[in-house]
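Chains as they are written, first to last, in this note's numbering: chain Z, 479 to 848; chain P, 479 to 848. Everything on this sheet refers to the single structure shown next.
There are 2 protein chains.
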Amino acid sequence: MFFTQTSRDGRCQARTGRIETKKGGIDTPVFMPVGTAGTVKALTPRQLDEAGAQIILANTYHLFLRPGTDVIKPFGSLHRFMAWDKPILTDSGGFQVFSLRANARVDDRGVRFKSHLDGSSFFLTPEAVVDVQNILDSDIQMVLDHFAPYPASRAQDEKAMRLTSHWAMRAREHFIKTNQHNFQFAIIQGGLHADLREKSLQELQAMDFDGFAIGGLSVGESRREFQQALQPLAPLLSAGKPRYLMGSGTPEDILFAVENGVDMFDCVLPSRNARNGTLFTSRGRVRIKNEKYRFADQPLDGACSCYTCLHFSRAYLRHLFQAREILASILNTIHNIHFYLDFMTKIRYAIHSNKFIEFKENFLALYKGD
Amino acid sequence: MFFTQTSRDGRCQARTGRIETKKGGIDTPVFMPVGTAGTVKALTPRQLDEAGAQIILANTYHLFLRPGTDVIKPFGSLHRFMAWDKPILTDSGGFQVFSLRANARVDDRGVRFKSHLDGSSFFLTPEAVVDVQNILDSDIQMVLDHFAPYPASRAQDEKAMRLTSHWAMRAREHFIKTNQHNFQFAIIQGGLHADLREKSLQELQAMDFDGFAIGGLSVGESRREFQQALQPLAPLLSAGKPRYLMGSGTPEDILFAVENGVDMFDCVLPSRNARNGTLFTSRGRVRIKNEKYRFADQPLDGACSCYTCLHFSRAYLRHLFQAREILASILNTIHNIHFYLDFMTKIRYAIHSNKFIEFKENFLALYKGD
């Protein structure tokens, strides 16, 4: 079995589960640190492992452009290239092509785009994206999808959703022919329209993917719109397969999505914020450059057991940040990634104990910040 | 005993020794990684410890300006502030004041300069520099010195040397009154003039410092000038005290200086070059961005046992460098610092075995580079 549900909270949709891949198991709900270019920025694989990461996400689009599949292919896998021996999920590049101003032009066959690095032109089909991910040997592949940038008209959302279904069918066929040892997820689109989302889901569920992702959220819509799109959708996803909410990731968003049955998350927030000096703690966000931390001889988060919190004061972290030292990015990222992974461990424990709602309320009551 | 000579190579001036401080022992010849702002750039203290560092150097000038002694003082020591519990040597700021275009103006009493950070004005005396280093609790303090930028007239070199002696006397008196548990080194100046250097040495040796440093070299002079200044001077330094060559640090320079009796080194070269993608290996320097490493599935240095060489290929390191990933700086610095510290371990072993000259010749025969 690829996925097994291991417990369910009686008072909401929250559940725990276990995903098995050839590279190891993954306990859900899980947060996947983002390793865009074959590195979770500022962390060694060992630090990532010590933080408790069971799986990371890498970006097919970025790796396709640099270093290129010709460089990674001789290594046999992205895992070996980047020295990360646990599971890797790769997105398809669909989101990057349309969000990085890559001058994308879409037709039924695929997408033509220009590299954001040097302007060179590429054409990718759903099948080619599977081939690239086969070379990366991603444990979980995402299909090439299409979405209309927010805000979009209903017609744009519908068109993108239909193309996503069409491409998913081709990607699934190609994957089944070419890959026997990994897994592939489809991506539900449809913007903020409940009926389009439901139709997208139905079409994709007919194709027997290994899991389903919700795409096209956290792209600029309000929290209320986000929640209204997610809440009715999540419970419709197959209970026997992992449910993945792509790219969303404030602690509040994760709590909301878990409560509604989502199993998997990725987001650049903990790592990007770390580099910008915004740190997640059990008491809320801390802006480390704040003058009030100048003399602060206490750890970032007294409740945290990461390397950063066990060894360094807020005053030292503030100094490193003000001096633009690389160690600021390193120690901040160690903490933020540890915070997120520890947060997920606590969520799993709470669900297992049938106390997810209490956990959520207690967490949010403390989580206030600067 | 602060310093004990533990062996001597019969065929040159090279020697091994042991320095004891309250924070631990140091085997010499030793290389001290540079931690300018209270961090060896891109490394955690744990990574520094794993690389085998027994002591690091920190910059009084930089720490005085940022975060400032008011921030560090409540921590009791720089060690605790930066979470490094082994010895720290701090330079005096003399070199920085004159090399960072800090608009320094010198008189007998001390030096007035403007911060390179915000232009604010400071006045430091030899006594004040001791006070700052007392707050840092540096295990080894350097006295405030003065030097004339290369190339200088003999008159300038002589004037700087005399001022250095005068300041050293005041710094020594102040140190003895205020500090009973750390150590203090004097700095020999005199430019490229053997007689001025000798006079500087004689004046400073009369003051009973715990060790002696050679300053004002590696400031732009040719290798021949460097060697001609160093060779006659090193053997004149007290055999019973550590001899420290400040700021010099190519492997070739270190071999030359060790052969002539020098015990201690610091240099930004391994860490700065790491960030610039220039890596030290047993076969010479490697410029990792070189196209020929694009597909190179071998470690940076097959003879190296650092984390970087045990886990990553040249192709991956090249990719990280080209993508300007923070992990490039991290992995490159881990390697270069490990290379330098391992190099010093091999030097100590060779001296102990009475084979320093063979070691040097074998090393240089292999050390060719790209």
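Where a beta carbon is used, it is the ideal one built from N, C-alpha and C, also for glycine. Quantities reported herein were computed from a predicted structural model and do not represent experimental measurements.
From the options, residue whose alpha carbon lies closest to that of residue i
{"i": "residue 850 (chain P)", "options": "P:743, P:764, P:739, P:760", "result": "The requested residue 850 (chain P) does not occur in the structure, where chain P is confined to residues 479 to 848."}
{"i": "residue 661 (chain P)", "options": "P:720, P:550, P:631", "result": "P:720"}
{"i": "residue 667 (chain P)", "options": "P:690, P:652, P:650", "result": "P:690"}
{"i": "residue 699 (chain Z)", "options": "Z:637, Z:844, Z:670", "result": "Z:670"}
{"i": "residue 777 (chain Z)", "options": "Z:813, Z:711, Z:601", "result": "Z:813"}
{"i": "residue 827 (chain Z)", "options": "Z:740, Z:767, Z:500, Z:487", "result": "Z:487"}
{"i": "residue 841 (chain P)", "options": "P:503, P:701, P:734", "result": "P:734"}
{"i": "residue 582 (chain P)", "options": "P:664, P:514, P:623", "result": "P:623"}
{"i": "residue 825 (chain Z)", "options": "Z:555, Z:505, Z:498, Z:653", "result": "Z:505"}
{"i": "residue 644 (chain P)", "options": "P:629, P:681, P:490", "result": "P:681"}
{"i": "residue 605 (chain P)", "options": "P:620, P:730, P:596, P:800", "result": "P:620"}
{"i": "residue 537 (chain Z)", "options": "Z:528, Z:578, Z:503", "result": "Z:578"}
{"i": "residue 496 (chain P)", "options": "P:642, P:665, P:489, P:481", "result": "P:481"}
{"i": "residue 529 (chain Z)", "options": "Z:839, Z:816, Z:490", "result": "Z:816"}
{"i": "residue 748 (chain Z)", "options": "Z:685, Z:485, Z:808", "result": "Z:808"}
{"i": "residue 692 (chain P)", "options": "P:712, P:634, P:607", "result": "P:712"}
{"i": "residue 679 (chain Z)", "options": "Z:647, Z:657, Z:702, Z:596", "result": "Z:647"}
{"i": "residue 603 (chain Z)", "options": "Z:830, Z:829, Z:539", "result": "Z:539"}
{"i": "residue 790 (chain P)", "options": "Z:498, Z:493, Z:615, Z:523", "result": "Z:523"}
{"i": "residue 556 (chain Z)", "options": "Z:533, Z:839, Z:655", "result": "Z:533"}
{"i": "residue 758 (chain Z)", "options": "Z:796, Z:810, Z:599", "result": "Z:810"}
{"i": "residue 449 (chain P)", "options": "P:742, P:596, P:531, P:598", "result": "Residue 449 (chain P) lies beyond the range of chain P shown here (479 to 848); nothing can be said about it."}
{"i": "residue 755 (chain Z)", "options": "Z:800, Z:742, Z:787", "result": "Z:800"}
{"i": "residue 485 (chain Z)", "options": "Z:718, Z:839, Z:843, Z:818", "result": "Z:718"}
{"i": "residue 823 (chain P)", "options": "P:788, P:742, P:787, P:843", "result": "P:742"}
{"i": "residue 586 (chain Z)", "options": "Z:596, Z:601, Z:597", "result": "Z:601"}
{"i": "residue 489 (chain Z)", "options": "Z:788, Z:818, Z:838", "result": "Z:838"}
Per DSSP, cross-strand counterpart(s) of residue i
{"i": "residue 584 (chain Z)", "result": "Z:589"}
{"i": "residue 602 (chain P)", "result": "P:589"}
{"i": "residue 691 (chain Z)", "result": "Z:665, Z:722"}
{"i": "residue 483 (chain Z)", "result": "Z:495"}
Cβ pair residue i, residue j closer than 8 angstroms
{"i": "residue 794 (chain P)", "j": "residue 559 (chain Z)", "result": "yes"}
{"i": "residue 695 (chain P)", "j": "residue 704 (chain P)", "result": "yes"}
{"i": "residue 740 (chain Z)", "j": "residue 507 (chain Z)", "result": "yes"}
{"i": "residue 820 (chain P)", "j": "residue 510 (chain P)", "result": "no"}
{"i": "residue 792 (chain Z)", "j": "residue 846 (chain Z)", "result": "no"}
{"i": "residue 515 (chain Z)", "j": "residue 541 (chain Z)", "result": "yes"}
{"i": "residue 535 (chain P)", "j": "residue 512 (chain P)", "result": "yes"}
{"i": "residue 674 (chain Z)", "j": "residue 730 (chain Z)", "result": "no"}
{"i": "residue 617 (chain Z)", "j": "residue 501 (chain Z)", "result": "yes"}
{"i": "residue 607 (chain P)", "j": "residue 649 (chain P)", "result": "yes"}
{"i": "residue 737 (chain P)", "j": "residue 491 (chain P)", "result": "yes"}
{"i": "residue 554 (chain Z)", "j": "residue 615 (chain Z)", "result": "yes"}
{"i": "residue 584 (chain P)", "j": "residue 641 (chain P)", "result": "yes"}
{"i": "residue 493 (chain Z)", "j": "residue 829 (chain Z)", "result": "yes"}
{"i": "residue 627 (chain P)", "j": "residue 573 (chain P)", "result": "no"}
{"i": "residue 672 (chain P)", "j": "residue 685 (chain P)", "result": "no"}
{"i": "residue 893 (chain Z)", "j": "residue 549 (chain P)", "result": "With chain Z covering only 479 through 848, there is no way to say anything about residue 893 (chain Z)."}
{"i": "residue 708 (chain P)", "j": "residue 676 (chain P)", "result": "no"}
{"i": "residue 716 (chain P)", "j": "residue 683 (chain P)", "result": "yes"}
Point to revise | Stretch-stretch touch, CB-based, cutoff 8 angstroms, three pairs: the segment 720 to 736 of chain Z with the segment 776 to 784 of chain Z | key: no
Point to revise | Contact between the segment 608 to 618 of chain Z and the segment 564 to 571 of chain Z (3+ Cβ pairs under 8 angstroms) | key: With a cut-off of 8 angstroms, the segment 564 to 571 of chain Z and the segment 608 to 618 of chain Z count as touching, because enough Cβ pairs lie within range.
Review point. Can you give, in chain order, each stretch of the alpha helix (DSSP H) that sits fully within the segment 698 to 769 of chain Z and has at least 4 residues?
Key: 701 to 711, 729 to 737, 747 to 753
Exercise for review: Identify every run of the alpha helix (DSSP H) within the segment 485 to 534 of chain P, keeping only runs that are complete inside it and at least 4 residues long; order them along the chain.
Suggested key: 523 to 528
Check your understanding: Counting Cβ pairs, one atom from each stretch, are 3 or more of them under 8 angstroms apart for the segment 804 to 815 of chain Z and the segment 796 to 813 of chain P?
Key -> yes
Exercise for review: Please confirm if the segment 589 to 608 of chain Z is in contact with the segment 505 to 520 of chain Z, defined as three or more CB-CB distances below 8 angstroms between the two stretches.
Suggested key: The segment 589 to 608 of chain Z, when compared against the segment 505 to 520 of chain Z, does not touch it at the 8 angstroms Cβ threshold.
Check your understanding: Three or more beta-carbon pairs under 8 angstroms between the segment 767 to 775 of chain Z and the segment 830 to 839 of chain Z, yes or no?
Key -> no
Review point. In chain order, which alpha helix (DSSP H) runs of at least 4 residues are fully inside the segment 617 to 682 of chain Z?
Key: 632 to 656
Check your understanding: Along the chain, which unbroken stretches of the alpha helix (DSSP H) at least 4 residues long are found entirely within the segment 532 to 571 of chain P?
Key -> Every alpha helix (DSSP H) of 4 residues or more that sits fully in the segment 532 to 571 of chain P is shown, in chain order, as 538 to 543, 547 to 550, 556 to 560.
**Study point:** alpha helix (DSSP H) segments (min. 4 residues) lying fully within the segment 786 to 846 of chain Z
**Key:** 792 to 800, 804 to 830, 834 to 844
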